[in-house]
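> I'd like to ask you about the structure that follows.
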Amino acid sequence: MPVITNIEDLRRIYERRTPRMFYDYAESGSWTEQTFRENTSDFRHIRLKQRVAVDMDNRSTRSTMIGEDVAMPVALAPVGLTGMQTADGEIKAARAAEKFGVPFTLSTMSICSIEDVAENTSKPFWFQVYTLKDDDFMRRLFDRARAAGCSAIVVTVDLQVLGQRHKDLKNGMSAPPKLTVKSVANMMTKVQWGLGMLGTKRRFFGNIVGHAKGVSDPSSLSTWTAEAFDVSLDWDRIAQFKKWWGGKLIVKGIMDAEDARRAADIGADAIIVSNHGGRQLDGAVSSIRALPAIIDAVGDRIEVHFDSGIRSGQDVLKAMALGAKGTYVGRAFTYGLGAMGEAGVTKSLELIHKELDVSMALCGETDIHNVGPHILYVPQGFGDPTVPL
Ligand SMILES: Cc1cc2nc3c(=O)[nH]c(=O)nc-3n(C[C@H](O)[C@H](O)[C@H](O)COP(=O)(O)O)c2cc1C
Numbered sequence: 001m002p003v004i005t006n007i008e009d010l011r012r013i014y015e016r017r018t019p020r021m022f023y024d025y026a027e028s029g030s031w032t033e034q035t036f037r038e039n040t041s042d043f044r045h046i047r048l049k050q051r052v053a054v055d056m057d058n059r060s061t062r063s064t065m066i067g068e069d070v071a072m073p074v075a076l077a078p079v080g081l082t083g084m085q086t087a088d089g090e091i092k093a094a095r096a097a098e099k100f101g102v103p104f105t106l107s108t109m110s111i112c113s114i115e116d117v118a119e120n121t122s123k124p125f126w127f128q129v130y131t132l133k134d135d136d137f138m139r140r141l142f143d144r145a146r147a148a149g150c151s152a153i154v155v156t157v158d159l160q161v162l163g164q165r166h167k168d169l170k171n172g173m174s175a176p177p178k179l180t181v182k183s184v185a186n187m188m189t190k191v192q193w194g195l196g197m198l199g200t201k202r203r204f205f206g207n208i209v210g211h212a213k214g215v216s217d218p219s220s221l222s223t224w225t226a227e228a229f230d231v232s233l234d235w236d237r238i239a240q241f242k243k244w245w246g247g248k249l250i251v252k253g254i255m256d257a258e259d260a261r262r263a264a265d266i267g268a269d270a271i272i273v274s275n276h277g278g279r280q281l282d283g284a285v286s287s288i289r290a291l292p293a294i295i296d297a298v299g300d301r302i303e304v305h306f307d308s309g310i311r312s313g314q315d316v317l318k319a320m321a322l323g324a325k326g327t328y329v330g331r332a333f334t335y336g337l338g339a340m341g342e343a344g345v346t347k348s349l350e351l352i353h354k355e356l357d358v359s360m361a362l363c364g365e366t367d368i369h370n371v372g373p374h375i376l377y378v379p380q381g382f383g384d385p386t387v388p389l
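Here it is in structure tokens:
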């Protein structure tokens with residue numbers, strides 16, 4: 001077993017162990033992938049301020065996100081098809097998150113269903129909903145999430161229409177995978193993955209097949225998906241979801257100060273500054289560059305969370321120091337999951353936690369609540385995309 005010291009180590013193992021179509025599905029962005037790349041590279045423009053001779057005893061990364069205690073302000077982002085990265089992937093990731101003390105968010109487009117995850121965990125998790133046209137289905141999703149004890153819903157608002165990832169089209173990405181000569185030849189080299197998949201019955205979209213009207217078997221799913229998303233989504237519709245759900249609601253996919261204000265106006269409990277990990281609007285600014293203006297606009301009215309591009313605890317620290325109250329990782333935990341299952345997710349969380357803790361200490365802070373712009377060097381105009389860096 002190689003010595004794993006950072007998230008990139010996990011990515012390399014994940015790449016070796018996972019069928020190409022699922023690796024590519026995660027490790028790509030839309031069109032030219034400019035936004036996907038800049039989400040990570042833009043973090044490097046922000047530098048940390050070293051401080052010395054500060055008592056670094058009794059450090060704490062503990063905080064809260066929407067009022068829930070977290071061991072560190074890092075939740076697992078909703079990632080569709082997690083159960084194709086490894087068998088029963090959502091259950092494994094949710095268990096690792098629960099043991100670590102951070103929130104797990106289940107995607108609508110998961111393989112394990114809401115009920116599967118609830119039966120295999122003991123603490124409430126968060127449920128992500130896409131905004132779909134079918135009111136009955138949406139209401140039933142909320143009912144199922146309530147019955148499963150979910151403590152918040154995350155409404156993703158940046159996917160009315162789908163961004164295109166070239167590799168997914170070329171690979172014929174689907175769940176379960178299409179059996180072509182190329183995909184079978186590739187899957188035959190992923191023995192552990194294949195044995196896991198043979199040993200589970202969870203190989204389809206568990207929240208949809210058997211629940212959505214007209215989707216009784218996986219073959220009818222693609223027609224449903226093509227027509228299900230609500231192209232006409234607006235803020236009234238999001239407010240309606242808030243009423244139907246009646247509990248904590250997080251709006252995911254905000255990249256603009258005016259949109260952030262609208263989310264605060266409808267009474268959302270938090271927003272996630274996110275460009276969907278560079279999977280939707282290619283050419284959009286990186287999420288970290290969008291964060292400062294949104295904090296300025298609504299930071300005192302609503303909890304601002306952040307995702308897209310986090311690959312280390314230092315990235316978490318930078319987002320928190322810019323004013324985020326919580327962060328999410330998508331690919332960083334997916335790499336761990338595909339590499340080593342539940343233990344791999346735990347490993348990614350441990351790595352991020354250690355990097356966060358040590359970096360915070362070397363910046364002279366012992367409590368995550370006290371980090372702020374004073375620990376950063378931010379290039380002038382960083383939040384202004386018209387200023388070249
Ligand atoms: C493979 C993959 C699948 C995703 N599926 C969903 C999803 O079903 N729902 C959603 O709201 N976001 C989804 N996202 C976006 C993530 O929730 C998150 O915004 C993104 O991964 C953050 O960027 P990062 O991967 O750089 O951390 C997905 C991301 C990836 C990589």
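For the sequence shown, the UniProt record's numbering begins at 1 and goes up steadily by one.
Note that beta-carbon positions come from the ideal geometry of N, C-alpha and C, so glycine has one too.
Taking its Cβ as the centre, do 16 or more other Cβ atoms sit within 10 Å of S122, making it buried, or is it exposed?
Under this definition S122 is an exposed residue.
> Is Q280 helix, strand or coil when you go by DSSP?
Coil at Q280, not helix or strand.
> Is there at least one non-hydrogen atom of ligand 1 closer than 7 Å to the beta-carbon of A26?
Yes, ligand 1 has a heavy atom inside 7 Å of this Cβ.
> Could you say which of G253, I208 and L362 lies nearest to D136 if we only look at CA atoms?
That would be I208, whose Cα lies nearest to the Cα of D136.
> Helix, strand or coil for R202 per DSSP?
In the structure shown, R202 sits in coil (DSSP, three-state: anything other than H, G, I, E or B).
> Would you mind stating whether V155 and F241 have Cβ atoms separated by less than 8 Å?
Yes. Within cutoff.
> So what does DSSP say about G253, is it helix, strand or coil?
Looking at G253 - three-state DSSP - the assignment turns out to be strand.
> Name the DSSP bridge partner or partners of S60?
DSSP, once it has assigned bridges, lists D367 as partnering S60.
> Which value, in whole angstroms, describes the spacing of the CA atoms of R51 and V378?
Cα to Cα, R51 sits roughly 17 Å from V378.
> Going by DSSP, name the residue or residues bridged to L106.
Answer is F127.
> Starting from D9 and walking both ways along the alpha helix (DSSP H), at which residues does that stretch end?
Per DSSP, D9 belongs to the alpha helix (DSSP H) from I7 to R17.
> Looking at the unbroken alpha helix (DSSP H) that takes in G313, where does it start and where does it end?
Counting along the chain, the alpha helix (DSSP H) containing G313 begins and ends at G313 to A321.
> L76 and V102 - do their beta-carbons sit closer together than 8 Å?
Yes; because the gap between Cβ atoms is below 8 Å, this pair is in contact.
> Report the partner residues of V273 according to the DSSP bridge assignment.
Answer is I254 and F306, bridged to V273.
> Flag T35 as yes when its Cβ comes closer than 7 Å to any non-hydrogen atom of ligand 1, and as no otherwise.
No; taking the cut-off as 7 Å, the Cβ of T35 has no heavy atom of ligand 1 nearer than that.
> Could you check if H166 belongs to the surroundings of ligand 1, using beta carbon to heavy atom distance under 7 Å?
H166: no, Cβ never under 7 Å from ligand 1.
> Taking its Cβ as the centre, do 16 or more other Cβ atoms sit within 10 Å of H305, making it buried, or is it exposed?
Counting Cβ neighbours within 10 Å, H305 comes out buried, since at least 16 surround it.
> Measuring only from the beta carbon, is M188 closer than 7 Å to any heavy atom that is part of ligand 1?
For ligand 1, not one heavy atom lies less than 7 Å from the Cβ of M188.
> How many angstroms separate the CA atom of T180 from the CA atom of E33?
Their Cα atoms are separated by approximately 27 Å.
> Between which two residues does the beta strand (DSSP E) holding T327 run?
Here the beta strand (DSSP E) through T327 covers G326 to V329.
> Ignore the nearest five residues each way along the sequence and tell me which others in R289's own chain have a CB closer than 7 Å to its CB.
For R289, where only same-chain residues beyond five positions count, the Cβ hits under 7 Å are D42, F382, G383 and P385.
> Alpha carbon to alpha carbon, how far is M173 from G25? Give it in angstroms, no decimals.
Strictly speaking, residue 25 in this sequence is Tyr, with Gly absent from that position. So the two alpha carbons sit approximately 7 Å from each other.
> Quick one: what's got a C-beta closer than 7 Å to N186's C-beta in the same chain, skipping five residues either side?
Taken in chain order, the residues that qualify are P19 and R20.
> To the nearest whole angstrom, what separates the beta carbons of A263 and I302, a pair I think is in contact under 8 Å?
Indeed, because the Cβ distance is near 7 Å, the residues count as touching under 8 Å.
> From G247, T346 and D158, pick the residue whose C-alpha is nearest to that of F142; which is it?
Nearest option by C-alpha distance: G247.
> Pick helix, strand or coil for M65, following the three-state DSSP scheme.
Correct three-state label for M65: strand.
> Looking at the strands, I want to know which residues DSSP matches up with residue 391.
Past the boundaries of the shown model lies residue 391; the chain is included only from 1 to 389, so the question cannot be answered.
> Over what stretch of residues does the alpha helix (DSSP H) that includes I114 continue unbroken?
Segment I114 to E119, the alpha helix (DSSP H) holding I114.
> Go through its chain and collect everything with a Cβ distance to L376's Cβ below 6 Å, but skip five positions before and after it.
Excluding positions up to five away in sequence, the list reads I46 and A321.
> When you measure from the CB of D230 to every non-hydrogen atom of ligand 1, does any distance come out below 7 Å?
Result no, Cβ not under 7 Å from ligand 1.
> Quick check: what's the CA-CA separation for D217 versus G210?
C-alpha separation (whole angstroms): 7 Å.
> Report the residue from P176, F36 and N39 whose alpha carbon sits nearest the alpha carbon of G83.
Nearest C-alpha to G83: P176.
> Is it the case that the Cβ atoms of S312 and I7 are separated by a distance below 8 Å?
Yes, they are a contact pair.
> Between the C-alpha atoms of N39 and R146, what's the straight-line distance to the nearest angstrom?
Cα to Cα, N39 sits roughly 34 Å from R146.
> Return the first residue and the last residue of the alpha helix (DSSP H) that I153 is part of.
Run containing I153: none in the alpha helix (DSSP H); it sits in the beta strand (DSSP E), A152 to T156.
> How about M173: is its Cβ closer than 7 Å to a heavy atom in ligand 1?
No.
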